[in-house]
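Residue 842 in our numbering sits at position 187 of the sequence shown; the count goes up by one each step and never skips.
Where is the CB? At the ideal position from N, CA and C, for every residue including glycine.
Quantities reported herein were computed from a predicted structural model and do not represent experimental measurements.
Following: one structure in C-alpha cells, then a few remarks.
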Amino acid sequence: QGYADAIFLADDGSTDDTVEVARSLGVRVFSHSRNLGYGAGQKTTYREALKDGADIAVMVHPDFQYKPELMPVMASMVRHGGYDIVLGSRMLDGGALKGGMPLWKLVANRVLTHTENAAMGASLSEYHTGYRAFSRRVLQELPLAGLSNDFVFDSEILLLAIRQGYRIGEISCPAHYFDGMQSMPADIGVKYGLGCLRTAARGLLDRWGVRRSSLFHGQTLLDGWTEGVER
C-alpha cells in the first residue's frame with residue numbers, strides 16, 4: 656500500500672476465488688477466459704498499464720519471495736537513473752543459498768545466466784528473477800505481443816531489450832524461500848531451461864549477424880494483443 660498508483664492482476668483462467676479476493680482489496684483484475692500461460696498474463700497487465708497511462712510498470716511474482724519494499728527504489732532507478740528495465744537480482748549479494756534457494760536451482764540459474772550473457776554479449780547477474788521494473792518506453796516500443804505465452808517470455812523480453820540497446824540495471828533483492836511456497840514443477844522447469852537456451856541461441860545468431868530472429872518482427876502490445884477482459 657502506498658507503493659503504487661494502481662495494482663493490476665491477470666487472472667489466467669483460474670477456478671478459485673482469486674478474482675473475488677483481489678477485487679475486495681481494490682485490485683484491478685483482467686481475466687483470460689482460459690489458461691494461456693505466464694507470459695500471457697504479463698502481456699495483458701502491461702497492455703492495460705499502458706492504456707491506463709502508466710510511466711513505470713513493476714512486475715512481482717505473487718509467491719512472497721520478493722520484498723515489495725524495493726518497488727519504489729526500482730521505480731526510481733527507471734525514473735531518475737536512466738534505466739529502461741531494472742531487475743531485482745537474487746544473485747548480486749551472493750546470499751541466495753542463505754535465503755533458502757535450493758542448490759540445484761542456484762546451479763541451474765548460474766549456468767543459464769552465464770550462457771545467456773555469453774550469447775547476448777551482456778553481463779547481467781540474473782535473467783530469471785520474478786521482480787522487474789519497466790519504463791513505458793520499453794513496453795510500448797518492443798514487439799511483445801508475439802513473444803511466448805509461457806515462462807520463457809522473461810528471457811525473450813531481455814533478449815529484445817539487450818539487442819535493441821535499452822539500458823538494464825540491477826538491484827540486490829534477497830531471496831526468501833520457505834516451506835509450502837509454490838515452485839515450478841520439474842517438467843516445466845526443464846522446458847523453461849531449454850526455452851532459455853533456445854532464446855540464447857537466437858540472441859547469438861542475431862549478434863553475429865547470421866539470422867535476425869522473428870521475435871523482432873512482431874506487433875506491440877497496444878497493436879497486437881487482445882486477450883483479457885476486465886471483471
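Using a Cβ-Cβ cutoff of less than 6 angstroms, which residues in the same chain neighbour residue i once the five nearest sequence positions on both sides are dropped?
i: methionine 775; result: Ile817 and Gly858
i: glycine 801; result: Gly873
Helix, strand or coil for residue i, going by three-state DSSP, please let me know.
i: methionine 732; result: helix
i: aspartate 878; result: helix
i: isoleucine 711; result: strand
i: isoleucine 823; result: strand
i: serine 869; result: helix
i: isoleucine 662; result: coil
i: glutamate 811; result: helix
i: valine 762; result: helix
i: valine 845; result: helix
i: glutamate 703; result: helix
i: histidine 769; result: helix
i: aspartate 861; result: helix
Does the beta-carbon of residue i have 16 or more other beta-carbons within 10 angstroms, so that it is buried, or is it exposed?
i: leucine 849; result: exposed
i: tyrosine 782; result: buried
i: lysine 706; result: exposed
i: phenylalanine 789; result: buried
i: glutamate 724; result: exposed
i: glutamine 819; result: exposed
i: valine 793; result: buried
i: aspartate 710; result: exposed
i: alanine 856; result: exposed
i: aspartate 718; result: exposed
May I ask you to list the residues that DSSP assigns as paired with residue i?
i: alanine 687; result: Note on identity: in this sequence residue 687 is histidine, with alanine being the wrong assignment. Answer by DSSP bridge pairing, in chain order: Asp667.
i: alanine 788; result: Val713 and Val741
i: glutamate 675; result: In the DSSP output, where bridge partners are listed per residue, glutamate 675 has none listed.
i: valine 884; result: Ser686
Rounded C-beta distance between residue i and residue j? I'm assuming under 8 angstroms.
i: methionine 726; j: alanine 659; result: 7 angstroms
i: alanine 830; j: glycine 754; result: 3 angstroms
i: histidine 735; j: glycine 883; result: That pair is no contact at about 31 angstroms.
i: leucine 813; j: arginine 702; result: Incorrect: roughly 19 angstroms between the Cβ atoms, too far for contact.
Suppose the cutoff is 7 angstroms on Cβ atoms and the five residues either side in sequence are ignored; what does the same chain contact list for residue i look like?
i: alanine 661; result: Arg683 and Asp707
i: glutamate 675; result: none
i: alanine 695; result: Asp667, His687, Asn804 and Glu882
Return the chain-ordered list of same chain residues with a C-beta closer than 8 angstroms to the C-beta of residue i, the five sequence neighbours on each side being excluded.
i: isoleucine 826; result: Leu725, Val728, Met729, Met732, Val741, Leu742, Gly743, Ser744 and Leu747
i: glutamine 720; result: Gly785, Ala830, His831, Tyr832 and Met836
Check the Cβ-Cβ distances between residue i and every residue of chain D, and say whether any is below 9 angstroms.
i: alanine 788; result: Included in the structure is just one protein chain, with no chain D present.
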